[in-house]
Each structure stands twice: as C-alpha cells, then as structure tokens.
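Below is one structure, written out as structure tokens, with a few remarks after it.
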Amino acid sequence: MEVYAWGANSHGQLGLGFESELCMTPQRVTKCSFAVSQVRLIRGGGGHVLILDTNGRVHSCGWNNRGQLGLDSTEECHNEFKMIPTEYFGEVPVETISCGWDISGAITLTKRLYVWGSNAFQQLGICQRGFIAVRRPMPVKLPREEPAQRISFGMRHCAVLTQDNKIYVFGRLRIMDPPPIELDITATCLHRCNTVKIQVHNPNELRIVSISSGQNHMLLKCVDLSEAGNGNTKRILTLGDNKFGQSNAFQFEEDVRQLAVGWTHNAAVLRNGEILVWGRNCYGQLGTGSFTEQQAIPTPLRLKLPEDQSPARIHMGAEHGLLRTTAGEIYTWGWNEHGNCGNNSTENLSTPTLLQLPPVKLCGAGAGFCYAITEPVNGL
C-alpha cells in the first residue's frame with residue numbers, strides 16, 4: 003500500500019519533505035509516522051492535514067501558523083508527518099477528527115472533545131485572554147458535560163453535534179433570518195463565549211445525525227422519525243450564508259447516504275447512487291460540465307460510471323471535488339490552480355476526470371490538495 007498526494011504544497015501539506023507551489027500529478031509520500039495499512043480517516047484544512055489510524059492515533063503535517071497541527075510547536079510548517087502525542091488526549095484513543103481553515107479537532111472514544119489551532123474568532127469555544135492560538139489539543143466541556151458525537155469546522159466557526167441531538171456553534175456563523183422552522187436556535191454563553199445552541203423543535207419526529215460545514219454555511223442530515231417518515235434520511239436542513247444557493251434546503255426522493263460540503267457548494271450521494279450538486283460553480287466545482295456563477299437546485303454530477311461501479315465516497319476541497327468509486331477509481335474536477343485535480347494541468351475542470359492510480363482504498367481533500375491510499379497491486 004502507498005500514500006499519494008497532489009495539489010498545493012506551499013506549506014508542506016503534501017508530506018513530501020519540502021514546500022513547493024504545486025504538484026500537478028500524484029506524488030508518492032515515502033516518510034510517514036503511521037502505518038499506511040492502518041489509515042482510517044484523512045481530513046484536510048486550508049494548508050494542513052490530519053490522519054487518524056486504526057489505533058486512535060492522530061498524525062499531522064503542513065501549515066502550523068496557528069498551531070493547527072497540535073504538535074505544541076511554533077514552527078511555521080512541518081513538511082513531514084508527525085504523530086500528536088497520545089498524552090495530549092489523556093491517553094484515550096481518538097474516534098474521529100476534523101479540520102477547518104487553520105483549526106483542528108478530535109473526539110475521543112470517551113466522547114470528549116478536543117480542539118486546537120486558531121481562536122481569533124473564539125471558534126474554539128475559549129474566551130480567555132492569551133488563547134488566540136492553541137498549539138496542542140485542549141479539552142472543551144460542553145454544557146452538563148454532554149458527550150460530543152460529531153465536529154465540523156468552517157472558516158471562522160466550529161459546530162459540535164452532541165449525542166442528545168443538540169448542536170453548539172462557536173465563533174462566527176451567520177444564522178439565516180428567519181431560521182428553518184424545524185429548529186429552535188438560541189444564544190447562550192459557554193465558557194464566557196457567545197455560543198449558539200441549535201435543537202429541533204420536536205425530537206420525537208426529527209433527529210440530526212450529521213453536520214457538515216462549508217466556509218460560512220452548514221448542512222444538517224436528518225432522520226425523519228415521524229409515522230409518515232418511517233426513519234428515512236431524505237431531508238437536509240441548512241444554516242448560514244446563501245449567496246450562491248449553497249444553503250438551499252431540500253427533501254430528496256431517495257435517502258441521503260452522504261453529504262459533502264466545499265466552501266460554497268455541496269454534494270449529496272443518494273441511496274440509489276445518484277450524486278446531486280448545488281451552490282457556486284465558477285470553477286466548475288459542481289462537475290456538471292459547465293462554468294456558471296451558481297446552481298441553486300440540486301443537479302446531477304456529470305459522470306456515468308461503469309455498471310459494476312457506484313460511488314463509494316465523495317470529498318470536497320475548497321472549490322474542487324474528489325470521488326472514489328467502489329472499484330477504487332478516482333475522479334477529480336473543479337478548481338485546479340495548484341494542480342488540485344492531479345491531471346498534470348492547472349486548467350479548471352467542469353467534468354469529473356479519471357486519474358491514473360492503482361486502486362484506491364481511502365482518500366481525502368483539503369482546500370487545494372488531495373490524498374489517496376492505494377491498494378497493493380498483484381499482491382505487492
């Protein structure tokens with residue numbers, strides 16, 4: 003198994019041991035602090051990347067101007083991966099990770115929330131003086147020590163979904179006026195920080211199961227628990243900026259299997275394998291075959307897969323997309339200024355384009371870069 007990375011590398015975020023403006027084709031990452039076969043999650047930020055392994059250890063690389071690598075280091079960049087000391091998480095394995103522009107977070111197996119990186123807009127939920135940048139994971143207590151379930155970051159906000167169906171938002175996220183009628187949104191104070199608490203009006207009929215943040219907006223995937231809904235996941239709710247239609251909310255005809263969110267655009271993978279996209283499209287980031295200012299209504303991704311393949315996972319960078327199929331093939335599209343699409347070009351792509359890589363097991367995207375873990379070829 004091998005690690006490949008491509009795209010922007012000005013902060014060493016590709017883990018190649020050097021910084022460069024761009025890498026237009028996939029490059030093999032040879033020095034890793036993790037066992038490649040044990041990689042479980044890859045998450046990218048503005049110029050940094052986190053990798054979670056199957057032992058619950060977190061590894062980081064790239065831009066570190068605000069301490070977003072969590073290494074307790076003041077170095078501007080780290081161009082090779084290093085493991086975040088497990089003692090920073092109380093020696094408890096990490097269950098999930100997330101990255102924002104210059105911020106990072108993790109939730110441990112005990113459902114404890116840790117955050118680090120920029121706190122310039124109080125997006126870490128920390129309001130004491132001297133905490134503009136936090137350079138190692140810091141635990142954050144939620145009200146009544148509610149267990150954290152999911153965490154998602156935007157440009158200047160952090161959103162945390164708890165196990166009892168509440169969302170706490172730290173930092174700056176403009177809530178639409180009026181907000182969705184299904185939600186009860188109140189301002190509260192947590193750790194002396196202005197915090198927004200979000201919960202559904204009727205938790206017996208609607209439950210939020212995942213949150214996904216863009217630059218200044220957020221999508222909520224919901225389960226309909228009503229008698230008519232019968233547990234379907236066809237509905238999403240939205241919050242935040244809607245300049246490009248990215249916060250338009252919909253009820254789909256099929257269950258939503260996955261949501262992926264870029265800075266100002268979204269994708270929904272439905273149970274039948276269809277991929278629908280909406281939002282900003284000036285770089286072709288919707289992959290619909292055209293360059294337009296925006297697409298306010300979900301539109302199919304312009305990609306016809308072979309009959310023996312279906313979408314496995316979709317990832318969104320700032321303005322580009324990355325799709326892995328069930329056969330391990332990789333397609334990219336959208337903004338390509340830094341070689342983000344890995345096709346040996348810097349021309350933007352409006353249509354998903356197949357990359358020549360060995361079968362890919364796992365992949366992920368940051369603002370202007372991508373990672374892929376490939377399977378062994380012929381048993382090697």
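Under our numbering, read the sequence shown as residues 3 to 382, first letter to last.
The beta carbon of each residue, even a glycine, is placed where N, CA and C say it ideally should be.
If you're wondering where the values come from, they're calculated on a predicted model, not measured in any experiment.
Contact between T355 and N345 is confirmed by a C-beta separation of about 5 Å, below the 8 Å threshold. Judged by DSSP secondary structure, T110 falls within the beta strand (DSSP E) whose first and last residues are 105-110. Note that the C-beta distance between V38 and M85 is not below 8 Å.
Per the DSSP secondary-structure output, M140 pairs in a beta bridge with V117. The continuous stretches of beta strand (DSSP E) do not include P181, and DSSP gives it neither H nor E. Shown here, V211 sits in a strand according to DSSP, grouped into three states. DSSP places S22 within a strand segment (E or B) once states are collapsed to three. Between L272 and I213 a beta carbon distance of about 19 Å is seen, past the 8 Å cut, so the two are scored as non-contacting. Judged by pairs of C-beta atoms under 8 Å, the segment 349-368 touches the segment 45-54, as three or more such pairs exist. As computed with DSSP, L351 is found in a beta bridge with G336.
Counting only the Cα atoms, S228 lies some 7 Å from N206. When secondary structure is reduced to three states using DSSP, E256 falls in the coil class, being assigned neither helix nor strand. DSSP places G291 outside any beta strand (DSSP E), giving it a letter other than H or E. As the crow flies, the alpha-carbon of E295 is around 5 Å from that of N283.
Partner residues in a beta bridge of T56, as assigned by DSSP, do not exist.
In the DSSP assignment, N11 falls within the beta strand (DSSP E) that extends over 4-11. Taking a contact to require three or more Cβ pairs closer than 8 Å, the segment 132-141 and the segment 156-176 do not qualify as touching. Spanning the alpha carbons of L208 and E147 requires a straight line of approximately 23 Å. For the options F254, L18, P302, the alpha carbon positioned closest to that of T32 is the one of L18. Straight through space, the alpha carbons of Q297 and E93 are spaced by roughly 46 Å. At a Cβ-Cβ threshold of 8 Å, I210 and N167 count as neighbours. Across the structure, L241 and Y90 are spaced so that their CA atoms are roughly 33 Å apart.
Excluding five sequence positions before and after Y285, the CB atoms of its chain that fall closer than 6 Å to its own CB belong to E321, G336, W337, N350, given in chain order. Going by DSSP, D74 is part of no beta strand (DSSP E) at all; its letter is neither H nor E. For P95, same chain residues with a beta-carbon under 7 Å away, outside a window of 5 residues either side, are N57, G58, T110, L111 in chain order.
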